[in-house]
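Here's the structure, in structure tokens; my notes come after.
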Amino acid sequence: MAQEISSRNSVAIITGAAGDIGGAIARRLGEDHEVVLLVDIDGDAAARVAQDLGGEDRFTGVACDVTDAASVEAMAATAAQLGVVRTLVNNAGGACAASLHEATPETWRLDSALNLEAAFLCFRAVEAALKESRGAVINIASVNGIGVFGHPAYSAAKAGLLHLTRLIAVEYGKFGIRANAVAPGTVRTQAWEARAAANPQVFEEAKRWYPLKRIVDAEDVANAVHFLASPKASAITGVCLPVDCGLTAGQSELARTFSQSGHY
Ligand SMILES: NC(=O)c1ccc[n+]([C@@H]2O[C@H](COP(=O)([O-])OP(=O)(O)OC[C@H]3O[C@@H](n4cnc5c(N)ncnc54)[C@H](O)[C@@H]3O)[C@@H](O)[C@H]2O)c1
Numbered sequence: 007m008a009q010e011i012s013s014r015n016s017v018a019i020i021t022g023a024a025g026d027i028g029g030a031i032a033r034r035l036g037e038d039h040e041v042v043l044l045v046d047i048d049g050d051a052a053a054r055v056a057q058d059l060g061g062e063d064r065f066t067g068v069a070c071d072v073t074d075a076a077s078v079e080a081m082a083a084t085a086a087q088l089g090v091v092r093t094l095v096n097n098a099g100g101a102c103a104a105s106l107h108e109a110t111p112e113t114w115r116l117d118s119a120l121n122l123e124a125a126f127l128c129f130r131a132v133e134a135a136l137k138e139s140r141g142a143v144i145n146i147a148s149v150n151g152i153g154v155f156g157h158p159a160y161s162a163a164k165a166g167l168l169h170l171t172r173l174i175a176v177e178y179g180k181f182g183i184r185a186n187a188v189a190p191g192t193v194r195t196q197a198w199e200a201r202a203a204a205n206p207q208v209f210e211e212a213k214r215w216y217p218l219k220r221i222v223d224a225e226d227v228a229n230a231v232h233f234l235a236s237p238k239a240s241a242i243t244g245v246c247l248p249v250d251c252g253l254t255a256g257q258s259e260l261a262r263t264f265s266q267s268g269h270y
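Residues in the sequence shown are numbered from 7 upward in steps of one, following our numbering.
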């Protein structure tokens, strides 16, 4: 049955929601938001995912380039028509150059725009609504923002995104707005297609470095986002929650070498 649209509906915005992680987050946030706005530069794909999640007035797709201020303003206006934004998930992201040697000024700027500046644009566009709802921002960072794992401009932008998270938490805490980040490890998504085509063993090889000996699922990320958006996390702001199967905790192979203990 179609949900009645009222100005008091709580709205969750997820950027990059046509992707696998964004779609999983949208599904989970649909459990406790009346309206979920799936935002993507590919508006048709966002609309398809919204339809798959139940469509009607509960899941709505909208085309928006989150690196473009005017496009973001238009998206925020759409959200305002649906209700009051309670949760903003800055999930759109991606990487161009794999190494510093391959990076150009243009690819560096593209990665900065998508992985850092876009989160600032989206936050400012819905800031007033988040004040009204005493809402939450969740920024999808990466283990690449914590240690060096390749894709330098993307990584530097994700490190910046972790600091933007703290900046929002400190400046906007007095309005009841919370800001936290989630830093996923490897998740098998469209973003890995080219690498998986070049090396079909890439995920098996990656597992070796994860203490849990597995990679992360999109649902693992969505569960963390759902928690951070919920009242259960009402005293948590300004933190980064790694969802990385232990990658940033350390490496057992190195611990074995350093300690010369077979227990690792
Ligand atoms: N997949 C992983 O291993 C992994 C690991 C750590 C962090 N992350 C992060 O998780 C988030 C989601 O990643 P994913 O793997 O699902 O990626 P994905 O490539 O599958 O999806 C990203 C989505 O963002 C959209 N997008 C790209 N540019 C956009 C723009 N300018 N405006 C609006 N939308 C845009 C794309 O159309 C796509 O639907 C990203 O921030 C990524 O950095 C992913």
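The C-beta atom is built at its ideal place from N, Cα and C for all residues, glycine as well.
Boundaries of the beta strand (DSSP E) around residue 43: 41–46.
Under the Cβ criterion (8 Å, minimum of three pairs), the region 201–209 does not count as touching the region 142–152.
In the DSSP assignment, the residues bridged to residue 67 are 44. Distances from the alpha-carbon of residue 155 to those of 113, 106, 122 put 106 closest.
Within the same chain, Cβ atoms closer than 7 Å to the Cβ of residue 194 are found at 209, 221, the five residues on either side in sequence being excluded. Of the residues assessed, residue 240 falls on the exposed side of the cut-off, its CB having fewer than 16 other CB atoms within 10 angstroms. In the structure shown, residue 103 falls within a coil segment according to DSSP collapsed to helix, strand and coil. A Cβ-Cβ contact shorter than 8 Å links residue 31 with residue 97. Taken through DSSP and simplified to helix, strand or coil, residue 152 comes out as coil. Of all C-beta pairs linking the region 15–23 to the region 71–91, three or more are shorter than 8 Å, placing the two stretches in contact.
Around the beta carbon of residue 110, a 10 Å sphere encloses fewer than 16 other beta carbons of the protein chains shown; the residue is thus reported as exposed. In the three-state reduction of the DSSP assignment, residue 128 falls in the helix class, which pools H, G and I. Within 7 Å of the C-beta of residue 97 there is at least one heavy atom belonging to ligand 1.
Of the heavy atoms belonging to ligand 1, at least one sits nearer than 7 Å to the Cβ of residue 197. For ligand 1, no non-hydrogen atom lies closer than 7 Å to the CB of residue 143.
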